[in-house]
Amino acid sequence: MKEKIKEDDRSEGQTLEDLVFFVAGKFMLKLSEIYLSIQGESTFTGLPCIFIRLSGCNLRCKYCDTKYSYETKFEKSSKDILKEIQQYKLIKLVEITGGEPLIQSEIYELFLILYDNNYKILLETNGTINLKKVPKYVTKIVDIKCPGSGFENSFLMENLKHISLQEDEIKFVILDRQDYDWAKVFIKKHDLQKYIILFSPILEKLEPQKLAKWITNDKLQVRMQLQMHKYIWKSDQRRV
Ligand code: SF4
């Protein structure tokens, strides 16, 4: 599989190494922070994970808990990002998040250099930007925004074609009963039961017990998740 992707990504007469090192040192990515923590969401919850938070977002969700990522704190090339995360030696799980990471086209070079250095890559994206160019080796965790966010019509429906049933995950962040009902209808209407679906209650806004009850009452085939990092550390603590 890896060899196949390598072939697809290179131009004629160019080795992968040529390509990676040409592009990785050339363009700069805008960043908010890079740190090691415990993965608090998705089916990778609980694993040590390096977070690369890119800056900038095309949405302004009402409940956004990473507003600080709207502003750029520093810039780095993909090659320098790789150097920085290599300090974490044994940790080979990386999440690229934001903000909205896909608004920076330089991200595709970062995917390639991380992949070529044997990292398992997770991408958190808000679902509004076309996923067509995201390589198959990247596990996508794709938000579908509910009404509570203020952006319930923002999901790009075409993206359903680019979300893998086995590898990727679809996430609904649930603020209240209205969001829950909206998500339930959306899943049914667009036949999403076949995907891996996450329901995540917003901490301090929706009691997990309530969401658990709604899911079990409806026998909904979704995976409920809590933002584990917000339970380990304070809910507003940064770099966790
Ligand atoms: S998409 Fe994410 S980062 Fe952007 S405003 Fe919404 S919650 Fe915040």
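So the sequence shown is numbered by the numbering used here: it starts at 4 and just counts up by one.
Cβ atoms here follow ideal geometry from the backbone N, Cα and C, with glycine treated the same way.
- Secondary structure of K70, DSSP reduced to three states: One-based indexing of the sequence shown puts residue 70 at position 67. Residue state, collapsed to three classes: helix.
- Task: Reducing DSSP to helix, strand and coil, say where T128 ends up.
- Result: Sequence index remark: in the sequence shown, residue 128 carries index 125 (1-based). Strand.
- Query: Where does S238 sit, in a helix, a strand or coil, going by DSSP?
  - Reply: Here residue 238 refers to the residue found at position 235 when the sequence shown is read from its first residue. Note: S238 maps to coil in three-state DSSP.
- E172 Cβ short of 7 angstroms to the ligand SF4 heavy atom set: In the sequence shown, the residue the question calls residue 172 occupies position 169. The nearest non-hydrogen atom of the ligand SF4 is 7 angstroms or more from the C-beta of E172.
- Same chain, Cβ closer than 8 angstroms to Q253, neighbours up to 5 away in sequence not counted: Residue 253 lies beyond the stretch modelled for the chain, which goes from 4 to 243, so this question has no answer here.
- According to DSSP, what are the bridge partners of S40? Translated into positions along the sequence shown, residue 40 becomes position 37. Partner(s): C52.
- Query: When the Cα atoms are used, what is the spatial distance from E6 to Y118?
  - Reply: Stepping through the sequence shown from its first residue, residue 6 is reached at position 3. Stepping through the sequence shown from its first residue, residue 118 is reached at position 115. Only weak support exists for where E6 lies, its pLDDT of 41 falling under 50; the value from the coordinates is given anyway. So the two alpha carbons sit approximately 11 angstroms from each other.
- At a cut of 8 angstroms, does the stretch 168-183 reach the stretch 141-156 through at least three beta carbon pairs? Verdict: yes, contact present.
- Task: Go ahead and label D194 buried or exposed: buried means 16 or more other beta carbons lie within 10 angstroms of its beta carbon, across all protein chains shown.
- Result: The sequence position of residue 194 within the sequence shown is 191, counting from 1. Flag for D194 reads exposed.
- Message: Can you tell me whether S108 is buried or exposed? The criterion is at least 16 other CB atoms within 10 Å of its CB, across all chains shown.
- Response: As a working note, residue 108 is residue 105 in the sequence shown. Label assigned to S108: exposed.
- Item | Chain-order list of residues whose beta-carbon lies under 8 angstroms from that of I166 (same chain, five-residue window excluded) | The sequence position of residue 166 within the sequence shown is 163, counting from 1. Apart from the 5 residues on each side of it in sequence, I166 sits with its Cβ closer than 8 angstroms to the Cβ of L134, K143, V145, I173, Y198 in its chain, given in chain order.
- Out of curiosity, what's the CA-to-CA distance linking K216 and N120? Position 213 of the sequence shown, counting from 1, holds the residue named residue 216. Position 117 of the sequence shown, counting from 1, holds the residue named residue 120. Spanning the two alpha carbons is a distance of roughly 43 angstroms.
- Whose C-alpha, out of E87, K139, L125, is nearest the C-alpha of T100? By one-based count along the sequence shown, residue 100 stands at place 97. In terms of CA proximity to T100, L125 leads the group E87, K139, L125.
- Where does E6 sit, in a helix, a strand or coil, going by DSSP? What you label residue 6 is simply residue 3 of the sequence shown in a count that begins at 1. A caution first: E6 carries a pLDDT of 41, below 50, which makes its placement in the model unreliable, though a value can still be read off. Note: E6 maps to helix in three-state DSSP.
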